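Okay, structure first, notes after.
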Amino acid sequence: MIPPPQVPIPSETDRRVYFERLAATLLAQGVPGDRIGELVAELDGHVAMSGA
Numbered sequence: 001m002i003p004p005p006q007v008p009i010p011s012e013t014d015r016r017v018y019f020e021r022l023a024a025t026l027l028a029q030g031v032p033g034d035r036i037g038e039l040v041a042e043l044d045g046h047v048a049m050s051g052a
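Residue 18 in my numbering sits at position 18 of the sequence shown, with consecutive numbering throughout.
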């Protein structure tokens, strides 16, 4: 059996940069800032629950 590939766990800085880029992209597409905040908070919660 072939083991699954080893995927590096992103650092806190990597996650922050990703979330900032996501927020900028959504804002540029006209998504309201308060909704972006909700989405980022939800994603951050999922990341925290996953242990990544």
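In this text, a Cβ means the ideal position worked out from N, Cα and C, and glycines have one as well.
Just so you know, these numbers come straight off a predicted model, no measurement behind them.
query	result
Which residue marks the beginning of the alpha helix (DSSP H) containing Val40, and which one marks its end?	33-50
DSSP three-state call for Val7: helix, strand or coil?	coil
Would the beta-carbon of Arg15 fall within 8 angstroms of that of Val47?	yes
Can you give me the C-alpha to C-alpha distance between Gln29 and Pro10, rounded to a whole angstrom?	26 angstroms
Using the Cα positions of Pro4 and Met49, report the straight-line distance between them to the nearest angstrom.	21 angstroms
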